[in-house]
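>
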Amino acid sequence: MDLTFQIQGGDFTSAGAASSQVRRTLKELGVDASVIKRVVVALYEAEVNIVAHAYKGEIMAQISPERVFLKLTDEGPGIPDIEKAMTPGYSTASQEVREMGFGAGMGLPNISRNADVFNIHSVPDRGTTVEITIQIS
Amino acid sequence: MTIHEIVSLVQGKVLSGKITQEEGIEYCFASDLMSDVLTVCRSDFMLLTGLSNVQSIRTAEMSDLKYVLLVRGKTPPQEMIDLAEDSGIVLIVSPYSMFKASGILYQAGLKGVF
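Chains A and B are the protein sequences, given in the same order.
If you count by this note's numbering, then the first sequence holds residues 140 to 276, one letter each, in order.
If you count by this note's numbering, then the second sequence holds residues 852 to 965, one letter each, in order.
1) Taking the alpha-carbon of residue 870 of chain B as reference, which of B:906, B:892, B:917 and B:912 has the nearest alpha-carbon?
2) Below 8 Å CB to CB, which residues in the same chain sit around residue 956 of chain B once its five sequence neighbours on both sides are set aside?
3) Identify, in the order they occur along the chain, each residue of the same chain with its Cβ nearer than 8 Å to the Cβ of residue 165 of chain A, setting aside the five sequence neighbours on each side.
4) Quick one: grab the DSSP three-state call for residue 904 of chain B.
5) Would you identify the three-state DSSP class for residue 196 of chain A, choosing helix, strand or coil?
6) Under a three-way DSSP split, which group does residue 146 of chain A fall into?
7) Who are the near neighbours of residue 938 of chain B in its chain, counting only those whose CB is closer than 7 Å to its CB and skipping five residues on each side?
8) Cutting at 8 Å between CB atoms, please list the residues of its own chain near residue 906 of chain B, excluding the five before and the five after it.
9) Assuming residue 227 of chain A and residue 245 of chain A form a contact by the criterion Cβ under 8 Å, report the distance between their Cβ atoms to the nearest whole angstrom.
10) For the segment 246-271 of chain A, enumerate the residues whose C-beta is nearer than 7 Å to any C-beta of chain B, in chain order.
11) To which residues of the same chain is residue 185 of chain A closer than 6 Å at the C-beta, ignoring the five residues directly before and after it?
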């Protein structure tokens, strides 16, 4: 099953709506609760990153009996130093993002911790692509 | 500890969802940082927060939590209450500060997750 969502940068009211839809779908498919939590925590952090940092983006979720594959592509400023961005506590988030409860520099480490496979590729001034794979069985 | 006891101890008010006499919770995690909440692997805890916007409900939803206690007497926006209702999350508001609410609940037997 393939699901696709368009994400608008700066739209904090809707941030998490795509993750919520993926969560509902996985629940309907009867996926184990601990797997669902890992998927949606990783996806929600990545979705909030698009809203917080990019102009716009797209989330693609591929769900099969064996695994969940998530690909998030955004158009935005990109990440100049990914290694630094992966450091827990490092953040470039705006005050607005922090007021929403994010921007503490935990997002990318949280995604990595929950993913079985995590890839991130970024081109400064172009955008970022994040790929997350989580095994179901 | 039952949810009714918790509501009573923090002089709380339930804004969304329904609670039965019997239902209860053993653990609590207090934070305004949602990414911190998302690092907690377990799901059997109540979120105590001062963050009065939809993202605290979204975070509870992704963390598979059922109870959110909003402190400092904040009036949550209607969209936050509506989202809690839609997500099956019980949203409770308390006039107490995070420190005071945490202290009262800890003293009454609610446990920290770490």
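Ideal Cβ placement from N, Cα and C applies to all residues, glycine included.
As the structure is a computational prediction, the values presented were derived from the model and not from experiment.
The structure says:
1) In the second sequence, the residue the question calls residue 870 of chain B occupies position 19. When each option's Cα is compared against that of residue 870 of chain B, the closest is B:917.
2) Translated into positions along the second sequence, residue 956 of chain B becomes position 105. Once the five neighbours on either side are set aside, the close Cβ partners of residue 956 of chain B are 852, 857, 860, 861, 879 and 899.
3) Translated into positions along the first sequence, residue 165 of chain A becomes position 26. Same-chain partners within the cutoff: 174, 175, 178, 179, 202 and 207.
4) Walking along the second sequence from the start, residue 904 of chain B turns up at place 53. Here residue 904 of chain B sits in coil by DSSP.
5) Taking the first residue of the first sequence as 1, we reach residue 196 of chain A at position 57. DSSP places residue 196 of chain A in strand when its eight states are reduced to three.
6) Sequence index remark: in the first sequence, residue 146 of chain A carries index 7 (1-based). Looking at residue 146 of chain A - three-state DSSP - the assignment turns out to be strand.
7) Residue 938 of chain B sits at position 87 when you count from the first residue of the second sequence. So the qualifying residues of the chain are 908 and 912.
8) As a working note, residue 906 of chain B is residue 55 in the second sequence. 885, listed in sequence order.
9) As a first step, residue 227 of chain A is located in the first sequence; it is residue number 88 there, counting from the start. As a first step, residue 245 of chain A is located in the first sequence; it is residue number 106 there, counting from the start. Indeed, because the Cβ distance is near 6 Å, the residues count as touching under 8 Å.
10) 246 and 249
11) Along the first sequence, one-based indexing puts residue 185 of chain A at 46. Once the five neighbours on either side are set aside, the close Cβ partners of residue 185 of chain A are 211, 250 and 269.
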